[in-house]
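Numbering (my numbering), first residue to last: 223 to 577.
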């Protein structure tokens with residue numbers, strides 16, 4: 223029959239069957255879950271001995287401790303320790319072996335096994351086999367087997383279950399504070415009051431990881447210059463693009479016909495504001511340009527702008543090339559010329575972790 227479905231209460235003429243084979247079970251179960259140790263990593267740190275399937279060495283022996291896991295769609299439990307002897311390596315090249323959990327359909331069981339690697343100048347671990355209906359392996363540990371029977375060592379390779387990605391209609395920041403470390407959340411902004419975004423509650427604390435949908439708008443301020451540019455002519459957009467990192471763009475239009483907006487007092491450079499504070503650990507640089515089509519202020523019709531953050535603040539200082547000589551390098555940007563448009567954009571590391 224072309225149509226098969228399972229499991230149902232009884233076999234029927236419509237293709238439904240009551241009993242499933244172990245291969246059919248595997249096909250279903252692999253759609254439910256991935257290979258993983260059944261132990262969520264919800265703490266900020268772990269000692270290796272606190273994790274399931276601990277591994278210790280003694281001579282050429284590796285001893286694996288108790289643990290549970292999903293492997294190739296089947297559940298496995300080790301209730302005691304199990305020991306393996308790693309094969310000698312009498313060659314002049316190193317080798318890497320792989321300790322795996324192996325679901326073997328011919329044996330109808332999941333068991334621990336060691337897959338021996340091949341000696342090589344730069345040895346690599348054997349690739350685990352993943353074949354539905356035959357053998358399916360999940361790595362637990364890589365075993366370093368040095369040349370000339372050197373002392374072996376082990377490195378963990380086992381994947382773990384992670385907290386589920388959860389969605390909230392709103393108030394995600396407060397809600398995620400109640401979830402385990404390592405949790406991802408999505409704010410669906412179902413009340414339309416903010417922006418759809420994703421966040422992570424990790425070792426360093428809660429942080430927005432990225433905004434979804436349209437970018438946010440903000441009104442940048444111009445600093446250290448004469449006031450007068452209306453808010454409608456100061457346009458900004460921004461969004462979180464990764465943890466503690468935001469993208470922004472700023473456009474300032476001075477549409478006064480014959481009036482520049484110069485720096486004031488003893489100030490030697492203009493500045494604009496970012497949507498968030500920059501990281502205090504370093505100065506960061508962004509680039510833009512000044513469109514000056516009427517060449518007002520004795521400036522060219524197009525001028526490159528270099529901007530630098532004031533670490534730990536939302537201030538972005540503006541600089542342009544020396545107007546007399548390229549060899550003089552950069553000067554502070556002295557004004558927004560009449561009938562000009564200033565544009566700048568970039569990506570900045572923020573200070574959400576209060577460094």
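In this text, a Cβ means the ideal position worked out from N, Cα and C, and glycines have one as well.
Those residues which DSSP pairs with residue i across a bridge
i, result
"residue 433", "419"
"residue 293", "296"
"residue 409", "390 and 419"
"residue 304", "286"
"residue 385", "DSSP output for residue 385 lists no bridge partner at all."
"residue 484", "557"
"residue 360", "323"
Neighbourhood of residue i by C-beta distance below 6 Å, restricted to the same chain and skipping five residues each side
i, result
"residue 299", "290"
"residue 530", "505, 507 and 539"
Residue from the options whose Cα sits closest to the Cα of residue i
i, options, result
"residue 447", "470, 474 and 421", "474"
"residue 570", "549, 545 and 532", "532"
"residue 567", "476, 470 and 559", "470"
"residue 402", "341, 349 and 265", "265"
"residue 504", "272, 488, 551 and 572", "572"
"residue 535", "496, 349 and 279", "496"
"residue 331", "498, 245 and 547", "245"
"residue 454", "442, 463 and 465", "442"
"residue 416", "252, 391, 427 and 429", "391"
"residue 282", "302, 308, 319 and 288", "308"
"residue 329", "341, 305, 313 and 355", "355"
Cβ pair residue i, residue j closer than 9 Å
i, j, result
"residue 433", "residue 263", "no"
"residue 277", "residue 317", "no"
"residue 248", "residue 296", "yes"
"residue 491", "residue 556", "yes"
"residue 197", "residue 435", "In the structure as shown, the chain begins at 223 and stops at 577. Residue 197 is therefore absent and cannot be evaluated."
"residue 310", "residue 336", "no"
"residue 575", "residue 510", "no"
"residue 560", "residue 480", "yes"
8 Å Cβ shell around residue i - same chain, five flanking residues per side excluded
i, result
"residue 394", "407, 408, 409, 419 and 421"
For residue i, three-class secondary structure by DSSP
i, result
"residue 460", "strand"
"residue 225", "coil"
"residue 490", "coil"
"residue 401", "coil"
"residue 602", "For the chain, the structure presents residues 223 to 577; residue 602 sits outside this window and is missing."
"residue 571", "strand"
"residue 548", "helix"
"residue 369", "helix"
Residues of its chain near residue i, where Cβ-Cβ distance is below 7 Å and the 5 sequence neighbours each way are ignored
i, result
"residue 437", "459, 460 and 461"
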